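This report concerns only the one structure given below.
Residue numbers (the numbering used here), protein chains in the order written: chain A, 59 to 152; chain B, 3 to 140; chain C, 1028 to 1420.
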């Protein structure tokens, strides 16, 4: 699937537009959509867990200790929803 | 059992990946992600989607954001399509054409224009038959 | 040994479906195809088949459910007619573009309006460009045989396209004729089990079906469909040959009836071919060299083969049981003349639109067409190529 692009001849496309690698959109980077950038201020963060459930792009990784980590800028579209929900000012849009 | 949001997100992998083309800040992807987290990590599922933002922005050839089997057909028939998938499952499982020790879950996403989608989704609610799948209206 | 029976066209189709034993049937009743799902649902209730029957609320949902089932890895079938097919229309294109080998029994009936429940081919002609393989059947035997062959053609890896088997509403679907059925176990062996390479219910390989296919890809996917349609020609012949070995009944792209030495001929489809054969025999007794080319495979259209089969004739009439309302000829006529033109074959050819809304077409009417053809041969004068047969004027 990964080698299919807009220059692939018809003989080499999957039939009917089927995709056999479910979830391969994770290889499509949406970070370049961003016009403003969220900055994570870890010293202000209380790990309340309000930001990551609302991120439309899964761009706030959560580790097994249930703690958020820094942004995944490959995917973050810069919508700012996380900054809006943060009660502690731990996310700043720049 | 208490539902711990943080724990669920930390421990159940997202079944709806990033890299979709929904608008920045759209509320639908977090909803879909949390609906799918109702599945157990080991569950096999088939998802049906109606035409609409949620489908066209998440499944643009050659990419899909759904990590489960997914089928989209048209505007108004996510429910009917799902009933076909489910009928296939019932029939093939009874005939031994599918693994007997594995259960499949079915979820139909009704789409974001309810007037169009409602018709045959309503039929599934009203036909009184026990179905194996849930419908999520976004 | 085959089983001698007497069945209506609908019964024959239902029995074929029983012997095929599909995994899923989703259908909604509509005259004159109602009996097919009706008989079939009794097979389901009696446990004669393993099928899951989905009693949907419309034909649109019937085709949607068939698409879901086929994509899930099941063999799915349905039956419909006329406006039922019209309501399916959106999903008909989706079924073929998703490359799902669904098999449909289409009992031809006039599409509204005004409302009419009787036979013509306007329903099938409405979806002739939808990417479905279309096989036409002269009688109950052919409707049965075509269904038995259908999955083998549709599911072939070089094809993977849906297929509809057409028969004439009431004329074939409701009249009881003799038929030779094939034993259950032979059909089972012939049809085989459906083993798709990729399917939704495969828990080892989740897959996605039906994407948004934008400017960079749709053209290529349509090109693939076109190629699959071309490949279907070869597969139809292969499967027909194998079928002939089993039953002795020979099928091809078309049937040539006394065409070899004919001077004038009719091209038509479905039950009218029966009336035409009777008329050909009658004319032959009078020394008139009449012949018939009965199209079995309308999609893909066997262009070169049709042109070659007609090349030696002095005049040809193409009978269309649906008017294309295009100010020119019917669909079959257009296909036949364009086939001849590109093969550089020029035989005087005229079109007759006939039998609309179940208007009875008798042997006398067919004889009139042959008389017209003889006149064309004599005078070399066509006048109007776009003609009507049996309309009051």
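The beta carbon of each residue, even a glycine, is placed where N, CA and C say it ideally should be.
As the structure is a prediction and not an experimental result, all values here were calculated from the model.
DSSP state of residue i, grouped into three classes?
i              : result
residue 1135/C : strand
residue 1237/C : coil
residue 1084/C : coil
residue 1116/C : helix
residue 84/B   : helix
residue 1284/C : strand
residue 91/A   : helix
residue 1368/C : helix
residue 1106/C : strand
residue 131/B  : The pLDDT assigned to residue 131/B is 46, lower than 50, so where the model puts this residue is not dependable, and the model offers no usable value.
residue 1324/C : strand
residue 78/A   : coil
residue 1193/C : strand
residue 96/B   : helix
residue 1347/C : strand
residue 1242/C : coil
residue 35/B   : helix
residue 151/A  : strand
residue 1064/C : helix
residue 1253/C : helix
residue 1336/C : helix
residue 47/B   : strand
residue 1093/C : helix
residue 970/C  : Nothing in the structure corresponds to residue 970/C, since chain C is present only between 1028 and 1420.
Comparing C-alpha positions only, which one of the options sits nearest to residue i?
i              : options                        : result
residue 1172/C : 1043/C, 1311/C, 1029/C         : 1043/C
residue 1272/C : 1093/C, 1282/C, 1217/C         : 1217/C
residue 1288/C : 1307/C, 1146/C, 1396/C         : 1307/C
residue 1239/C : 55/B, 46/B, 30/B               : 55/B
residue 68/B   : 84/A, 68/A, 62/A, 60/A         : 84/A
residue 1086/C : 1070/C, 1058/C, 1075/C         : 1058/C
residue 1285/C : 1100/C, 1267/C, 1304/C, 1277/C : 1304/C
residue 1281/C : 1378/C, 1163/C, 1074/C, 1248/C : 1163/C
residue 1178/C : 1266/C, 1412/C, 1361/C, 1375/C : 1266/C
Quick check: the Cα distance between residue i and residue j, rounded to an integer number of angstroms?
i              : j              : result
residue 1047/C : residue 14/B   : 43 Å
residue 1298/C : residue 1416/C : 16 Å
residue 1049/C : residue 1175/C : 12 Å
residue 119/B  : residue 78/B   : Caution applies to residue 119/B, whose pLDDT of 45 falls short of 50 and renders its modelled position unreliable; the value that the coordinates give is listed next. So the alpha carbons of these two residues sit roughly 4 Å apart.
residue 106/B  : residue 1236/C : 17 Å
residue 1365/C : residue 1115/C : 29 Å
residue 32/B   : residue 1189/C : 37 Å
residue 1419/C : residue 1110/C : 26 Å
residue 47/B   : residue 1030/C : 45 Å
residue 1121/C : residue 1203/C : 35 Å
residue 1219/C : residue 20/B   : 42 Å
residue 124/A  : residue 110/A  : 11 Å
residue 1159/C : residue 1340/C : 31 Å
residue 117/B  : residue 1378/C : Unreliable positioning characterises residue 117/B in this predicted model, as indicated by a pLDDT of 46, which lies under 50. The coordinate reading is nonetheless provided below. The straight-line gap from Cα to Cα measures roughly 46 Å.
residue 1138/C : residue 82/B   : 24 Å
residue 1291/C : residue 1363/C : 15 Å
residue 1194/C : residue 136/A  : 60 Å
residue 1017/C : residue 1185/C : In the structure displayed, chain C extends from 1028 to 1420; residue 1017/C sits before or after that span and is not available.
residue 1410/C : residue 1375/C : 11 Å
Of all the CB atoms in chain E, is at least one closer than 8 Å to the CB of residue i?
i            : result
residue 46/B : No chain E appears in this structure, whose protein chains are A, B and C.
Check the Cβ of residue i against every Cβ in chain B and list those closer than 7 Å, keeping chain order.
i              : result
residue 1087/C : 79
residue 1079/C : 89, 92, 93
residue 122/A  : 12
In chain B, which residues lie less than 9 Å from residue i when you measure between Cβ atoms?
i             : result
residue 102/A : Under the 9 Å cutoff, chain B gives no residues; its nearest Cβ is about 18 Å from residue 102/A.
Whose Cβ in chain B lies nearer than 8 Å to the Cβ of residue i?
i              : result
residue 1127/C : Under the 8 Å cutoff, chain B gives no residues; its nearest Cβ is about 10 Å from residue 1127/C.
residue 143/A  : Result: empty, since nearest Cβ-Cβ is about 11 Å, beyond 8 Å.
Could you tell me which chain A residues have their CB closer than 9 Å to the CB of residue i, listed as they occur along the chain?
i            : result
residue 31/B : 113, 114, 115, 116
Name the chain C residues that come within less than 7 Å of residue i, Cβ to Cβ?
i            : result
residue 84/B : 1095
residue 62/B : 1238, 1239, 1241
Identify the contact partners of residue i in chain A, using a Cβ-Cβ distance below 8 Å as the criterion.
i              : result
residue 1250/C : 68
residue 1373/C : Chain A residues near residue 1373/C: none, gap ~35 Å exceeds 8 Å.
residue 1247/C : 66, 67, 68, 71
residue 27/B   : 114, 135, 137, 138, 139
Going along chain C, which residues have a C-beta under 9 Å from residue i?
i            : result
residue 60/A : Going along chain C, no residue has its Cβ under 9 Å from residue 60/A, so there is no contact; the nearest lies around 15 Å.
residue 4/B  : What residue 4/B touches in chain C: nothing, since even the nearest Cβ is about 31 Å away.
Check the Cβ of residue i against every Cβ in chain C and list those closer than 8 Å, keeping chain order.
i             : result
residue 136/A : In chain order: nothing, as chain C lies at least about 24 Å away.
**Selection of the region 1113 to 1142 of chain C by Cβ proximity to chain B, strictly under 9 Å** = 1117, 1118, 1121, 1122, 1125
**Prompt:** Residues in the region 1176 to 1190 of chain C with C-beta within 7 Å of chain A's C-beta atoms, listed in sequence order?
**Reply:** 1187
**Request:** Could you list the residues in the region 63 to 74 of chain B with a C-beta less than 8 Å from some C-beta on chain A, going in chain order?
**Result:** 63, 64, 65, 66, 67, 68, 69, 70, 71, 72
**Message:** Tell me which residues of the region 1321 to 1334 of chain C have at least one Cβ-Cβ distance to chain B shorter than 7 Å, keeping chain order.
**Reply:** none
**Request:** Determine which residues of the region 74 to 90 of chain A have a Cβ less than 7 Å from any Cβ of chain C, and write them out in chain order.
**Result:** Answer in chain order: 74, 75, 76, 77, 78, 80.
**Item:** Residues from the region 1206 to 1229 of chain C in contact with chain B, defined by Cβ distance under 7 Å
**Value:** 1227, 1228
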